[in-house]
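Quick notes on the structure that follows.
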Amino acid sequence: MVDLHTQYQRIKPEIDQAIHRVLDSAVFVKGSEVQRFENELARYLGINHVVACANGTDALQICLMALGLNQVMK
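Heads up: the sequence shown is residues 465 to 538, going by the numbering used here.
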């Protein structure tokens, strides 16, 4: 359905450099690379804010909490 290998090969140097920057800094949460990603994605989408999440479950939990539905999850 989606050829991830070909997509990766197209931008491999850029991805590999970013991965190495994160590994070299050992800042895996809210580091400069995450901030840059959030800023670039917000600019691309034409919105003011982006919150990067580890996975879809985290994203859904944040949305529920923003709606004030966090009591349901307890």
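Built from N, CA and C at the ideal position, the CB exists for glycine as well.
Please determine, among the options, the residue with the shortest C-alpha to C-alpha distance to residue i.
i	options	result
Ile511	Glu502, Arg485, Cys517	Glu502
Val452	Leu509, Ala523, Val491	Because the chain is modelled from 465 through 538, residue 452 falls outside the range shown and cannot be assessed.
Lys494	Cys517, Ile479, His513, Ala482	Cys517
When DSSP labels each residue in this structure, what does residue i get in the three-state scheme?
i	result
Leu541	Missing from the structure shown is residue 541; the chain here goes from 465 to 538 and no further.
Val486	helix
Asp480	helix
Cys467	It should be pointed out that residue 467 corresponds to Asp in this sequence rather than to Cys. Coil at Asp467, not helix or strand.
What is the C-beta distance between residue i and residue j, in whole angstroms, given that I count them as a contact (C-beta under 8 Å)?
i	j	result
Glu497	Arg485	6 Å
Go through the region 493 to 519 residue by residue and report every complete run of the alpha helix (DSSP H) that reaches 4 residues or more, in order.
496 to 509
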